[in-house]
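A quick write-up on the structure given underneath.
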Ligand SMILES: [Zn+2]
Ligand SMILES: [Zn+2]
């Protein structure tokens, strides 16, 4: 993960019709930043994403609102937020929703495919953990390392409790007379980008430097590299986008070019996976070959990323299973993939 220290704590943007956007940087996990965006000039102040609610994040959020008041002269506080729009169901974007609701009583919006993450969080963690564990075993991650990775996955997940959702962010609707939603599943199943005048709130769909994290659809429906690449097409040529504000890193002013770079990076990674699988490999071995030995949470992210690429190639019959007899005979086999 890359620290987005290049962005200022608060940065102001003005849309073509004069709406004011305050981009606030928050520390969402130790050493890892994300942005939330406050939109002013509509009937009510709108907050896009809410940070993680963990560690310093809520304190950062309060301080950023104070800075918007003190440094930019906006008569606004956190208590005035009228609606929180959550771009997708990842902790670094929705974890702070409870705090924002406590402070403001704001209603919450999210895409229907991530609604469950907010409204049935406790259930979702149990079910997602089972799928993740199954994936790790098939990927070749053995008992103790699998348990360690599961512990990593569950860090911080105990603190959040379900909240009600008031609004569904669907394609085809317009909110506040100026916001449209583009459903872009891939990085997350209910990921949306928000179009407002000449500004695109790209969330984690398009980032300036890193390629947004991918994980296999075998863990969570509607994620996966195939969906992601299709979704990139949906935003590449959106008309009239002057600046794209992502959930992490610096703003993007050349959206189509950045989309092409991300596509190309995945294409190269797919070619590497095919080369690695000239000999049979499990997903863990593919991850090590791609990224080198990884520790802690990055090891989990690396295996998911490798898994998403292997799954994409398997779905397209470019990889096959090399140890079919073993897979058939064992209850918890690791699958070996080979180039076809
Ligand atoms: Zn995300
Ligand atoms: Zn994120």
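Residue numbers (the working numbering): -13 to 326.
Built from N, CA and C at the ideal position, the CB exists for glycine as well.
In this text the structure is predicted, and so the values were computed from the model without any measurement.
CA-to-CA distance, residue j to residue i, given in whole angstroms
i, j, result
"residue 320", "residue 209", "22 Å"
"residue 64", "residue 161", "21 Å"
"residue 261", "residue 300", "14 Å"
"residue 8", "residue 180", "15 Å"
"residue 53", "residue 47", "10 Å"
"residue 3", "residue 69", "20 Å"
"residue 187", "residue 116", "32 Å"
"residue 156", "residue 176", "10 Å"
"residue 327", "residue 267", "Residue 327 falls outside the range modelled here, since the chain spans only -13 to 326, and no answer is possible."
"residue 22", "residue 118", "28 Å"
"residue 31", "residue 45", "20 Å"
"residue 120", "residue 314", "16 Å"
"residue -10", "residue 182", "At residue -10, the pLDDT of 46 sits below 50, so the modelled position is not reliable; the number obtained from the coordinates is stated separately. Spanning the two alpha carbons is a distance of roughly 24 Å."
"residue 281", "residue 199", "17 Å"
"residue 193", "residue 109", "30 Å"
"residue 96", "residue 253", "31 Å"
"residue 130", "residue 273", "18 Å"
"residue 206", "residue 150", "22 Å"
"residue -13", "residue 289", "Interpretation of residue -13 is limited by its pLDDT of 42, a score under 50 that renders its predicted location unreliable; the figure taken from the coordinates is listed afterwards. Approximately 15 Å between the Cα atoms of the pair."
"residue 322", "residue 308", "5 Å"
"residue 303", "residue 126", "21 Å"
"residue 91", "residue 201", "34 Å"
"residue 195", "residue 231", "13 Å"
"residue 227", "residue 18", "27 Å"
"residue 61", "residue 24", "13 Å"
Residues that DSSP places opposite residue i in a beta bridge
i, result
"residue 169", "178"
"residue 267", "323"
"residue 77", "DSSP output for residue 77 lists no bridge partner at all."
"residue 208", "Residue 208 pairs with nothing; no bridge assigned."
"residue 8", "-2, 24"
"residue 223", "Beta-bridge pairing links residue 223 to no other residue."
"residue 333", "Any answer about residue 333 is impossible in this case: the structure gives the chain only from -13 up to 326."
"residue 278", "Paired residues: none, contrary to the question."
Reduced DSSP secondary structure (H/G/I, E/B, other) of residue i
i, result
"residue -11", "A caution first: residue -11 carries a pLDDT of 49, below 50, which makes its placement in the model unreliable, though a value can still be read off. Of the three classes helix, strand and coil, the one that applies to residue -11 here is coil, per DSSP."
"residue 137", "helix"
"residue 62", "coil"
"residue 153", "strand"
"residue 305", "strand"
"residue 29", "coil"
"residue -2", "strand"
"residue 36", "coil"
"residue 144", "coil"
"residue 109", "helix"
"residue 187", "strand"
"residue 391", "For residue 391 there is no data in the structure shown, the boundaries of the chain being -13 and 326."
"residue 196", "coil"
"residue 230", "strand"
"residue 289", "helix"
"residue 331", "The requested residue 331 does not occur in the structure, where the chain is confined to residues -13 to 326."
"residue 257", "helix"
"residue 160", "strand"
"residue 238", "strand"
"residue 67", "coil"
"residue 313", "helix"
"residue 201", "coil"
"residue 94", "strand"
"residue 128", "coil"
"residue 3", "coil"
"residue 318", "coil"
"residue 284", "helix"
Residue from the options whose Cα sits closest to the Cα of residue i
i, options, result
"residue 224", "245, 162, 236, 234", "245"
"residue 235", "287, 197, 128", "197"
"residue 100", "237, 139, 154, 140", "154"
"residue 211", "242, 250, 240", "250"
"residue 16", "120, 238, 285, 40", "40"
"residue 317", "67, 230, 134, 124", "124"
"residue 306", "325, 313, 314", "325"
"residue 221", "240, 78, 95, 90", "240"
"residue 184", "5, -6, -5, 296", "5"
"residue 111", "12, 247, 140", "140"
"residue 79", "215, 201, 10", "10"
"residue 77", "230, 60, 147, 284", "147"
"residue 284", "25, 168, 219, 136", "136"
"residue 170", "102, 178, 103", "178"
"residue 142", "219, 26, 107", "107"
Contact test: residue i Cβ vs ligand 4 heavy atom, cutoff 8 Å
i, result
"residue 78", "Looking for ligand 4 in the displayed structure turns up nothing; the ligands present are ligand 1 and ligand 2."
Within-9 Å CB hit, residue i to chain C
i, result
"residue 104", "The structure shown has no chain C; it contains just one protein chain."
Legend entry - Beta carbon nearer than 5 Å to a non-hydrogen atom of ligand 1: 76, 190
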